[in-house]
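In the working numbering, the protein residues as written are 2 to 192.
Structural data, given as structure tokens:
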């Protein structure tokens with residue numbers, strides 16, 4: 002069996018877990034952006050245009066005007082609104098982190114369940130390999146006893162039927178193990 006690592010490490014590669022983690026981090030960044038609204042904001046603005054005493058003078062030399070200057074804004078009178086925005090962003094971050102926790106727990110449960118199913122399927126394959134080998138030996142022994150005249154052909158047929166049933170169960174068990182491995186691979190995020 003291939004080593005896949007600890008479930009808590011492996012589930013980080015699952016798309017649903019990675020997506021929930023990134024969403025929670027983004028919500029945390031939005032809290033920081035909302036807190037930045039408490040600070041004054043300095044921007045530099047400017048405009049260009051014409052200023053003339055009458056319409057016919059627009060475009061003449063000396064009528065082009067421009068203005069460049071800083072603009073300082075601060076929500077001093079709206080601090081209640083800013084606080085409400087920060088609180089709302091923090092609540093969205095808390096909800097995103099809680100959702101991330103739920104996604105991680107579900108992924109861990111899925112991973113552990115899939116791992117247990119795969120281990121059980123592998124054990125079943127090993128047991129059925131032993132049973133198939135034993136029934137193969139029993140069928141060969143029945144054929145040999147028939148050739149020596151010790152037993153009748155019904156015992157040979159019965160032993161061969163048992164052998165084929167064991168091989169059939171083994172084949173089905175191998176299919177089940179492969180299916181369980183595919184489910185484990187999916188639960189591990191394809192890693």
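Where is the CB? At the ideal position from N, CA and C, for every residue including glycine. Note that the structure is predicted; figures quoted are calculated from it, not measured.
Out of the options, state which residue places its alpha-carbon closest to the alpha-carbon of residue i.
i           : options              : result
residue 132 : 29, 167, 27 and 25   : 167
residue 75  : 55, 82, 89 and 42    : 42
residue 162 : 120, 139 and 116     : 139
residue 88  : 111, 34 and 52       : 34
residue 114 : 22, 32, 184 and 137  : 184
residue 144 : 135, 156 and 134     : 156
residue 66  : 124, 129 and 49      : 49
residue 18  : 188, 179, 101 and 57 : 101
residue 45  : 68, 57 and 32        : 68
How should residue i be labelled, buried or exposed, when 16 other C-beta atoms within 10 angstroms of its C-beta is the threshold for buried?
i           : result
residue 12  : buried
residue 174 : buried
residue 25  : buried
residue 149 : exposed
residue 15  : buried
residue 108 : buried
residue 151 : exposed
If we ignore side chains and look at the alpha-carbon of each, how far apart do residue i and residue j end up?
i           : j           : result
residue 112 : residue 121 : 14 angstroms
residue 79  : residue 91  : 19 angstroms
residue 52  : residue 72  : 22 angstroms
residue 105 : residue 116 : 16 angstroms
residue 70  : residue 30  : 31 angstroms
residue 9   : residue 177 : 25 angstroms
residue 137 : residue 164 : 6 angstroms
residue 147 : residue 191 : 53 angstroms
residue 20  : residue 182 : 24 angstroms
residue 126 : residue 118 : 12 angstroms
residue 142 : residue 180 : 35 angstroms
residue 123 : residue 7   : 19 angstroms
residue 129 : residue 135 : 10 angstroms
residue 159 : residue 22  : 60 angstroms
### Task
List in chain order: all unbroken beta strand (DSSP E) runs of 3+ residues lying wholly within the region 7 to 76.
42 to 51 and 65 to 74
### Given 8 angstroms, three or more beta-carbon pairs between the region 93 to 105 and the region 167 to 179
In this structure the region 93 to 105 does not touch the region 167 to 179; the number of beta carbon pairs closer than 8 angstroms is below three.
### Query
If we count Cβ pairs, one from each stretch, closer than 8 angstroms, do we get three or more for the region 83 to 92 versus the region 32 to 47?
yes
### Query
Fully enclosed by the region 63 to 148, which alpha helix (DSSP H) runs are 4 residues long or longer?
DSSP runs (the alpha helix (DSSP H)) wholly in the region 63 to 148: 80 to 148.
### Query
Can you give, in chain order, each stretch of the alpha helix (DSSP H) that sits fully within the region 149 to 191 and has at least 4 residues?
154 to 188
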